[in-house]
Every structure is written in C-alpha cells, then in structure tokens.
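Undergrad: Numbered per my numbering, the sequence shown spans residues 2 to 71. Ideal Cβ placement from N, Cα and C applies to all residues, glycine included. Input: one structure, supplied below.
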Amino acid sequence: MTTMSIPVIASPRAVRRPVVRRVARALGLALIAWAKADRQHRTHDQQALSIRAENDRQKALAFYRYGITS
2 MTTMSIPVIA
12 SPRAVRRPVV
22 RRVARALGLA
32 LIAWAKADRQ
42 HRTHDQQALS
52 IRAENDRQKA
62 LAFYRYGITS
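Below, the structure is given as structure tokens:
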C-alpha cells in the first residue's frame, strides 16, 4: 500500500480544473454566439403595435371558441 500525503489526495484544484475549463469554454462559446446574434431593436411603439395586433387576433378568434357563430 502506498502512502500519499493528504494535500495530494484532497487537492480540490486537481479535481475542479477540468470542470472550470469546460465551464469557461461553454461560457466563451455562448458569449461569441450572443455577440454574433442578429439583434432586432424594436421601439416601444412597435412593441405596442405588435401586442395590440395579437390581442385583436385573439379577440377575433374568441368569438368562435365555443362554436357560437350567430
């Protein structure tokens, strides 16, 4: 049986290093993808118009929801 000193056995750096590398790599790739993403800057008025149009569409469909057509 070989003897090892406690710092060699319980060294957290040796255990965590691959995990830290994977996390750093994933974070780096996510940041690159985020930076390259096409952004569509919408003004408040454009967002309000979009929400209003969606609400109007839902209200128009709600009339037919239960099969009431008259």
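Put D57 into one of helix, strand or coil per three-state DSSP.
TA: D57 falls in the helix class under three-state DSSP.
Undergrad: For H85, does the three-state DSSP call read helix, strand or coil?
TA: This structure does not reach residue 85, given that the chain is present from 2 up to 71, and the question cannot be answered.
Undergrad: What number of angstroms, rounded off, separates the C-alpha of A49 from the C-alpha of P19?
TA: Whole-angstrom Cα-Cα distance: 47 Å.
Undergrad: Taking DSSP as the reference, what is the three-state secondary structure of G29?
TA: The answer is helix: DSSP assigns G29 an H, G or I state.
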